[in-house]
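K.L.:
Residue -18 is where the sequence shown starts when you use our numbering, and the numbers rise one by one after that.
Cβ coordinates follow ideal geometry from the N, Cα and C atoms, glycine included.
Because the structure is a prediction, the values reported are computed rather than measured.
What follows is a single structure, and I will ask about it in a moment.
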Amino acid sequence: MAVETAERPAAQAKQPSVVEDSGRFQRYRIRTGMFAWIMHRLTGVGLVVYLMIHVWGLKSLTDPNAFNALIAKYHAPIYKVGEFGLLIAVVYHAMNGLRIVLIDFLGWSPNQKKLFATLGAVAVVLILVGGYPSIYALLAHYGVV
């Protein structure tokens, strides 16, 4: 929030810094845009790593026995957790990509926080609906349901 003084009206007031100087070290205040940017980069890197592993796994399509063994591994509980994590990364990356398009091409930059919250709510719904099979399979494996 800008500080208004007699010499400087609110329109010209200096905006608060995103860097806090606490003596020896500087700390960045992570705001909505920076958080979205960091998470977009992390999910992007995670998706690239997943795709490399996925393509490596598909090379076993040449041998039916090896492919069936790989598919059998995918029924382990850790892979269900991985599927759910993949879903979270894909949905977040897609929703944030949509947010970036709306901000860049439609000029919705002043509404960035509202847009982030709205698309975040949509992402949560998509993750819960899409993740239901993985969560159910994981809970069924441990006899919870």
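Is it the case that the segment 48 to 56 contacts the segment 94 to 102, given that we only count it when at least three CB pairs across the two stretches are under 8 Å?
P.N.:
no
K.L.:
Quick check on DSSP: helix, strand or coil for Val125?
P.N.:
coil
K.L.:
According to DSSP, is His74 helix, strand or coil?
P.N.:
helix
K.L.:
Need the endpoints of the alpha helix (DSSP H) that Asn49 sits in, please.
P.N.:
Start and end: 45 to 54.
K.L.:
State the Cα-Cα distance for the pair His21 and Glu64, rounded to the nearest angstrom.
P.N.:
18 Å
K.L.:
May I ask you to verify whether the segment 28 to 35 touches the segment 84 to 91, counting CB pairs closer than 8 Å and requiring at least 3?
P.N.:
In short, these stretches do not touch, since the Cβ pair count stays below three.
K.L.:
Can you tell me whether Ala57 is helix, strand or coil according to DSSP?
P.N.:
coil
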